């Protein structure tokens with residue numbers, strides 16, 4: 003059971019006892035799904051809710067090509083397979099591209115569910131560690147190259163990153179692509195947070211790396227972009243024909259992606275740019291609130307994340323899982339507390355992230371301030387508080 | 003590529019050339035999705051389309067317990083996991099219950115996609131052959147018992163059956179359950195056609211077999227029941243706690259089943275019984291049309307299926323795949339033709355089903371008669387017609 007799952011009963015108990023729990027532990031945004039798209043659902047005149055084509059409705063795939071053009075991504079409808087959320091896209095990518103016991107290099111901390119999809123496909127994840135002191139920037143290409151062995155078949159990154167919020171530059175992507183060409187690896191990029199890049203960071207899709215067309219497989223989803231997690235609509239995008247053929251087989255096996263979700267997804271593409279711009283602005287404000295508040299807390303190590311709606315923080319505590327549980331069981335500030343995700347579950351290397359947490363800034367700034375008040379007071383009162391924090395990079399060197 | 007997939011381009015070409023193609027090759031019913039349920043979709047006042055709980059909305063799971071009561075199935079909401087169609091329920095069952103290289107006995111012909119789900123879970127399907135001459139009734143329990151070896155971990159049946167339409171009696175189910183108890187096997191039963199049993203056949207769920215509670219895993223879906231294939235809402239139902247725990251992990255991995263589809267699914271349960279009764283009546287009429295028309299065609303072997311909306315037929319031809327292709331490419335009756343599924347793809351044993359087809363009676367009786375006119379004329383005109391049909395059981399004995 004993941005550290006996060008273990009906390010759920012304590013959160014339930016806290017709420018049952020009347021405590022207010024601010025959920026900064028999950029990636030479920032509070033931002034409204036575009037009203038215009040929901041209106042399309044209300045206006046549906048379907049008589050028979052049929053299977054859609056296995057690869058998705060032709061009209062939706064066609065409109066997605068326009069959406070990708072916004073990022074100068076030039077793909078055809080045939081190069082897009084509509085999936086049941088990014089979850090299924092990740093699963094299809096592993097099943098279609100990798101064989102039993104193949105290895106994939108993944109920068110850690112990473113989205114913990116990659117482990118489960120790898121397990122189903124019988125694929126091994128080899129973590130390459132990133133450090134909070136550098137804002138979790140990617141190790142240089144040479145460090146990746148040292149990880150490559152005969153079993154290595156791919157590199158898997160999330161850009162912007164969940165759980166760290168790190169934004170990867172065009173240069174670092176091109177470096178990885180060069181490596182993928184050299185060793186004939188796949189470059190899997192989960193780009194579901196593409197729209198949420200801050201401080202003028204310009205998103206650069208792996209699909210736009212020249213000469214890497216046969217290597218790049220992008221996983222996508224409308225869940226975060228349009229705050230439509232429940233629609234379960236994602237996509238796998240690649241120009242590699244063999245991969246498209248293999249993925250299409252898996253798509254046919256499960257018959258079709260959700261029909262009503264696809265209506266909603268298609269409708270989102272008719273919207274004005276303002277929805278996304280406002281959402282980005284809002285997340286950027288929240289990011290500032292979280293960053294500034296963490297920065298002012300004594301002994302806390304954090305950084306200014308460049309994208310997505312997550313950040314990591316290292317606390318001056320003995321153990322983050324114990325701290326998160328204590329916050330739910332034994333602490334409150336005026337009847338409220340905050341729930342965070344212990345960092346350990348996002349690392350594959352044992353012992354890392356023990357004093358770190360992931361914070362998802364999915365609540366509005368006012369609520370976020372209240373949650374940060376709880377966190378600040380909790381950190382001061384926590385019995386397991388340490389005097390100072392030990393840098394992870396030093397700890398790693400000592401191992 | 004399955005024989006069916008190979009035919010798709012020929013059907014497309016026929017249609018492009020202006021030919022009308024009656025599709026009796028797929029299980030996509032023409033019956034309307036309940037208007038009342040679609041109305042609930044139109045009335046939705048969702049603001050944020052959030053993830054639902056991984057195991058499904060609590061209210062929907064609760065209402066499903068009432069639905070199952072209709073068949074005297076007494077299960078709690080906790081024993082039902084909502085899935086993305088029966089497809090995902092099958093996948094979860096294989097992943098959660100079976101290890102690499104475990105074997106599952108499956109009566110053939112069977113729903114061809116079971117092969118793909120088994121491949122993902124690295125599970126072996128061991129076919130036990132049923133014969134058209136007996137209406138594909140299940141082999142006796144002793145024949146199943148002879149198939150059991152050290153690797154056998156389950157028996158997987160579909161009741162009523164796709165692709166044969168065969169209805170399995172309480173006695174044959176109890177016989178299989180006895181075997182499962184004796185050898186500690188799972189009894190997986192795909193019951194998605196539960197509502198469609200004809201001639202007064204009373205459906206008996208495997209969940210009601212006394213003493214087999216720990217062995218039975220039922221796969222379900224609203225796709226056929228409410229003609230809502232595109233909703234992608236199914237369920238896995240079992241009383242085995244260990245299986246529920248393992249399936250819940252896979253459910254959490256993919257986060258949640260489709261949200262809009264669950265609203266529709268829940269709404270279907272508020273309806274009057276009349277919808278299902280009318281659908282059953284309609285399918286029963288269609289079954290009669292197909293059966294009577296096949297019976298009157300010279301050299302054709304078929305039977306009166308007891309459930310679902312499929313039947314198999316054996317034709318006096320050299321090869322069903324060739325015949326199906328010829329029907330699309332070279333034949334028409336007043337500008338129309340019919341598309342069927344070659345039988346071979348539903349068998350795991352090589353060489354079986356070569357002169358058989360599956361017919362899905364998913365069109366109304368008038369259109370069905372027109373399709374049968376095409377089939378009858380096509381069978382007479384087909385250059386590969388043989389004088390008489392060779393019984394599969396004799397052929398099997400000769401092998």
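Protein chains in written order, with the working numbering: chain A, 3 to 401; chain B, 3 to 401. Even for Gly, the Cβ is constructed at its ideal location relative to N, Cα and C. What you are looking at is a predicted structure, and each value in this text was computed from that prediction instead of being measured.
1) Reducing DSSP to helix, strand and coil, say where residue 2 of chain B ends up.
2) DSSP puts residue 192 of chain B in a beta bridge; with which residues?
3) Helix, strand or coil for residue 408 of chain A, going by three-state DSSP, please let me know.
4) For residue 86 of chain A, which residues in chain B fall below 8 Å Cβ to Cβ?
5) Between which two residues does the beta strand (DSSP E) holding residue 355 of chain B run?
6) If the cut is a Cβ gap below 9 Å, which residues of chain A does residue 278 of chain B touch?
7) Where does residue 401 of chain A sit, in a helix, a strand or coil, going by DSSP?
8) Count Cβ pairs between the stretch 229-237 of chain A and the stretch 175-182 of chain A that sit closer than 8 Å; are there 3 or more?
9) Hey, how far is the Cα of residue 385 of chain A from the Cα of residue 255 of chain B?
10) Below 7 Å on C-beta distance, what does residue 53 of chain B contact in chain A?
11) To the nearest angstrom, report how far apart residue 260 of chain A and residue 263 of chain B are at their CA atoms.
12) For residue 161 of chain B, is the classification buried or exposed, using 16 other Cβ atoms within 10 angstroms of its Cβ as the cut-off for buried?
13) Where does residue 164 of chain A land, buried or exposed, given buried means 16+ other C-beta within 10 angstroms?
14) Looking only at C-alpha atoms, which of B:226, B:367, B:332 sits nearest to residue 87 of chain B?
15) Taking beta-carbon pairs under 8 Å, can you tell me which members of the stretch 183-211 of chain B lie near chain A?
16) Return the residues of the stretch 91-103 of chain A that lie within a Cβ-Cβ distance of less than 9 Å from chain B, sorted by chain order.
17) Within a Cβ cutoff of 7 Å, which residues of the same chain sit near residue 13 of chain B, ignoring the five residues on either side of it in sequence?
18) Since residue 79 of chain B is in the beta strand (DSSP E), which residue starts that stretch and which ends it?
19) Just to confirm, are residue 315 of chain A and residue 304 of chain A a CB contact at a threshold of 8 Å?
20) Relative to chain A, which residues along the stretch 337-359 of chain B have a C-beta separation below 9 Å, given in chain order?
21) Put residue 172 of chain B into one of helix, strand or coil per three-state DSSP.
22) Drop a sphere of 10 angstroms on the beta-carbon of residue 93 of chain A, count the other beta-carbons inside from all chains shown, and report buried for 16 or more, exposed for fewer.
23) Looking at the structure shown, is residue 25 of chain A part of a helix, part of a strand, or coil, going by DSSP?
24) Quick check on the burial criterion: 16 or more other C-beta atoms within 10 angstroms. Buried or exposed for residue 74 of chain A?
25) For residue 41 of chain A, would you say it is in contact with chain B, using Cβ-to-Cβ distances shorter than 8 Å as the test?
26) Excluding sequence positions up to five away, which residues of its chain have a Cβ less than 6 Å from the Cβ of residue 18 of chain A?
27) Write down the C-beta distance between residue 42 of chain B and residue 224 of chain B rounded to the nearest angstrom, noting that I regard them as a contact closer than 8 Å.
28) Figure out for me which residue from A:49, A:174, A:112 has the closest Cα to the Cα of residue 354 of chain A.
29) If we call anything under 8 Å between Cβ atoms a contact, is residue 306 of chain B one with residue 367 of chain B?
30) Can you have a look at residue 212 of chain B and say buried or exposed, based on whether 16 or more other CB atoms are within 10 angstroms of its CB?
31) Can you pull the chain B neighbours of residue 50 of chain A, defined as C-beta to C-beta under 8 Å?
32) Can you tell me whether residue 45 of chain B is buried or exposed? The criterion is at least 16 other CB atoms within 10 Å of its CB, across all chains shown.
33) Check whether the Cβ of residue 308 of chain B lies closer than 8 Å to any Cβ atom in chain A.
34) Of all the CB atoms in chain B, is at least one closer than 8 Å to the CB of residue 270 of chain A?
35) Any chance the stretch 128-148 of chain A sits against the stretch 335-352 of chain A, with 3 or more Cβ pairs inside 8 Å?
36) Does the separation of the CB atoms of residue 97 of chain B and residue 252 of chain B fall below 8 Å?
This is what the structure holds:
1) No answer is possible for residue 2 of chain B: the residues shown for chain B start at 3 and end at 401.
2) B:160, B:221
3) Absent from the model: residue 408 of chain A. The displayed extent of chain A is 3 to 401, so no value can be given.
4) 86, 234, 256, 260
5) Careful: residue 355 of chain B lies outside any beta strand (DSSP E) and carries neither H nor E.
6) Residues of chain A passing the Cβ test: none, with the nearest at roughly 16 Å.
7) The predicted model places residue 401 of chain A with a pLDDT of 39, which falls under 50 and marks its position as unreliable; any figure quoted below should be read in that light. Correct three-state label for residue 401 of chain A: coil.
8) no
9) 34 Å
10) 30, 231, 232
11) 7 Å
12) buried
13) buried
14) B:226
15) none
16) 93, 97, 102
17) 23, 330, 341
18) From DSSP, residue 79 of chain B is part of no beta strand (DSSP E); its letter is neither H nor E.
19) yes
20) none
21) helix
22) buried
23) strand
24) exposed
25) no
26) none
27) That pair is no contact at about 13 Å.
28) A:112
29) no
30) exposed
31) 31, 32, 33, 34, 35, 229
32) exposed
33) no
34) no
35) yes
36) yes
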